[in-house]
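2 protein chains.
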Amino acid sequence: MLHDPAQLDLMFQALADPARRQMVDRLSRGPASVSQLAEPLAMSLSAVVQHLNLLEASGLVRTQKLGRVRTCQIEPTALRAAEHWINERRLAWERRLDRLGEFLAETRDET
Amino acid sequence: MLHDPAQLDLMFQALADPARRQMVDRLSRGPASVSQLAEPLAMSLSAVVQHLNLLEASGLVRTQKLGRVRTCQIEPTALRAAEHWINERRLAWERRLDRLGEFLAETRDET
DNA sequence: GCAATAGTTAAGTAGTTGCTTCAGTGTTTA
DNA sequence: TAAACACTGAAGCAACTACTTAACTATTGC
Numbered sequence: 001m002l003h004d005p006a007q008l009d010l011m012f013q014a015l016a017d018p019a020r021r022q023m024v025d026r027l028s029r030g031p032a033s034v035s036q037l038a039e040p041l042a043m044s045l046s047a048v049v050q051h052l053n054l055l056e057a058s059g060l061v062r063t064q065k066l067g068r069v070r071t072c073q074i075e076p077t078a079l080r081a082a083e084h085w086i087n088e089r090r091l092a093w094e095r096r097l098d099r100l101g102e103f104l105a106e107t108r109d110e111t
Numbered sequence: 112m113l114h115d116p117a118q119l120d121l122m123f124q125a126l127a128d129p130a131r132r133q134m135v136d137r138l139s140r141g142p143a144s145v146s147q148l149a150e151p152l153a154m155s156l157s158a159v160v161q162h163l164n165l166l167e168a169s170g171l172v173r174t175q176k177l178g179r180v181r182t183c184q185i186e187p188t189a190l191r192a193a194e195h196w197i198n199e200r201r202l203a204w205e206r207r208l209d210r211l212g213e214f215l216a217e218t219r220d221e222t
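As you go down the protein sequences, you meet chains R and D in turn. Residues in the first sequence are numbered consecutively from 1, following the working numbering. Residues in the second sequence are numbered consecutively from 112, following the working numbering.
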């Protein structure tokens, strides 16, 4: 579910927009309503709702409506999936560098 | 340099495209030329070069040209910056949850 | 019940993105 | 030196994105 490439695609696409990252940043400090999310952003409420829908579709944010207010919160498992993708690639590269270093050290010893 | 919001913007935008993530994935297994990067992708070499330029502008990939071949490799520090941004937000949220849990446990004890 | 609040939905639009093709530039190799 | 190779850059184009405004629904407080 979390390593579904399509979901990963949606997540990275969601994180690519600065307004959406600002929303995630706000939510990392605690839940917020749509209007609270919109408040620091220089755009219409409607635009914020559209961003929010994208964030929700990507799995990064979960929302629930009580009465007329929709409360939003972060879904940490989704964030972890994006983090994990990057981490795996970086580690693969760094392990490769390590092996190369060992190889060079060994061949130097053989002189 | 690494926490420059503009650079972060470029990095997340670069990672948002599946073709570019595939290129990063390929490079995590070792350096490659432009043609080698292009080989598994169903698009023209020209398109690959355009993706590559974006990856380089974002700082995720570094390239150097020797003769007529351009060799590409991952820049792990840049990957780490993106990773770090996500990690900080996730941790902030999880710490908040922990504090909430403690609070609830404490207030339960007070009955 | 009426007005204010909180959000939703649809339609339209300017700007961006991800390609394409084509016509190059250097660099090797036979 | 000619041909093949490895890219590079520009122009063009269809699809997508990030907004806008405006009209709407549902809830809450007076």
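Positions of the beta carbon are idealized from the N, C-alpha and C atoms, including for glycine. All values derive from a computational prediction rather than experimental measurement.
Problem set entry | Strand pairing of residue 69 (chain R), partner residues [DSSP] | On the first sequence, position 69 is the one that residue 69 (chain R) refers to. For residue 69 (chain R), which the question treats as bridged, DSSP gives the partners R:66.
Exercise. Which bits of chain D does residue 9 (chain R) rub up against, with CB to CB less than 7 Å?
Worked result: As a first step, residue 9 (chain R) must be located in the first sequence, where it is residue number 9. Within 7 Å Cβ-Cβ: 129.
Exercise. Would you say the region 80–92 of chain R touches the region 130–146 of chain D, given that touching needs at least three Cβ pairs under 8 Å?
Worked result: Contact check between the region 80–92 of chain R and the region 130–146 of chain D: three or more CB pairs, one atom from each, fall below 8 Å, which counts as touching.
Exercise. Residue 13 (chain R) CB to nearest chain D CB: under 8 Å?
Worked result: Against the first sequence, residue 13 (chain R) aligns to sequence position 13. Output row for residue 13 (chain R): interface = yes.
For this session: Can you pull the chain R residues whose beta carbon is under 9 Å from the beta carbon of residue 172 (chain D), in chain order?
Result: Here residue 172 (chain D) corresponds to residue number 61 of the second sequence, with the count starting at 1. None at all; the shortest Cβ gap to chain R is about 11 Å.
Problem set entry | Where the alpha helix (DSSP H) through residue 28 (chain R) begins and ends | Start at 1 with the first residue of the first sequence, and residue 28 (chain R) comes out as number 28. 18–28 is the extent of the alpha helix (DSSP H) around residue 28 (chain R).
For this session: Throw me the rounded Cβ distance for the residue 127 (chain D) and residue 50 (chain R) pair, which I believe falls under 8 Å.
Result: For the purposes of this step, residue 127 (chain D) is taken as residue 16 along the second sequence, with counting starting at 1. For the purposes of this step, residue 50 (chain R) is taken as residue 50 along the first sequence, with counting starting at 1. In fact, because the Cβ distance is near 17 Å, the residues do not count as touching under 8 Å.
Exercise. Going by Cα to Cα distance, which pick from D:204, D:114, D:146, D:205 is closest to residue 179 (chain D)?
Worked result: By one-based count along the second sequence, residue 179 (chain D) stands at place 68. The closest CA to that of residue 179 (chain D), considering only D:204, D:114, D:146, D:205, is found on D:146.
For this session: Label residue 11 (chain R) either buried or exposed according to how many other C-beta atoms from any shown protein chain fall within 10 Å of its C-beta, with 16 as the threshold for buried.
Result: Counted from its first residue, the first sequence places residue 11 (chain R) at position 11. With a threshold of 16 other beta carbon atoms within 10 Å, residue 11 (chain R) meets it and is buried.
For this session: From the DSSP output, in three-state form, read off residue 192 (chain D) for me.
Result: As a working mapping, residue 192 (chain D) is identified with position 81 in the second sequence. Look at residue 192 (chain D) here: in three-state DSSP terms it is helix.
For this session: Give a yes or no on contact between the region 171–178 of chain D and the region 62–80 of chain R, applying the rule of three or more CB pairs nearer than 8 Å.
Result: Result no; under three Cβ-Cβ pairs closer than 8 Å.
For this session: Please report the Cβ distance between residue 157 (chain D) and residue 189 (chain D), rounded to the nearest whole angstrom; I am assuming they are in contact, meaning their Cβ atoms lie under 8 Å.
Result: Residue 157 (chain D) sits at position 46 when you count from the first residue of the second sequence. Residue 189 (chain D) sits at position 78 when you count from the first residue of the second sequence. Contact between residue 157 (chain D) and residue 189 (chain D) is ruled out by a C-beta separation of about 25 Å, above the 8 Å threshold.
Exercise. Cα separation between residue 20 (chain R) and residue 107 (chain R)?
Worked result: As a working note, residue 20 (chain R) is residue 20 in the first sequence. As a working note, residue 107 (chain R) is residue 107 in the first sequence. Rounded to the nearest angstrom, the two C-alpha atoms are 50 Å apart.
Exercise. Whose CA, out of R:52, R:94, R:9, R:31, lies closest to the CA of residue 208 (chain D)?
Worked result: The residue given as residue 208 (chain D) occupies position 97 in the second sequence. The shortest C-alpha to C-alpha distance from residue 208 (chain D) to any of R:52, R:94, R:9, R:31 is the one to R:31.
Problem set entry | Coil, strand or helix - residue 169 (chain D) by DSSP | Position 58 of the second sequence holds residue 169 (chain D). Helix at residue 169 (chain D).
Problem set entry | Within chain R, the residues that residue 153 (chain D) reaches when beta carbons sit closer than 7 Å | Indexing the second sequence from 1 puts residue 153 (chain D) at position 42. Chain order gives no chain R residues near residue 153 (chain D), where near means a beta carbon separation below 7 Å; the closest approach is about 16 Å.
Problem set entry | Closer than 8 Å to chain D by CB, residue 30 (chain R) | Taking the first residue of the first sequence as 1, we reach residue 30 (chain R) at position 30. Closer than 8 Å: yes.
Exercise. In chain R, what lies closer than 7 Å to residue 198 (chain D) by C-beta?
Worked result: For the purposes of this step, residue 198 (chain D) is taken as residue 87 along the second sequence, with counting starting at 1. Within 7 Å Cβ-Cβ: 83.
Problem set entry | Member of R:18, R:29, R:4, R:33 whose CA lies at the smallest distance from the CA of residue 71 (chain R) | Along the first sequence, read from residue 1 onward, the residue named residue 71 (chain R) stands at position 71. The candidate whose alpha carbon is nearest that of residue 71 (chain R) is R:33.
For this session: State the beta-bridge partners of residue 74 (chain R) as determined by DSSP.
Result: Locating residue 74 (chain R) in the first sequence gives position 74, where the first residue counts as 1. DSSP lists R:61 as partners of residue 74 (chain R).
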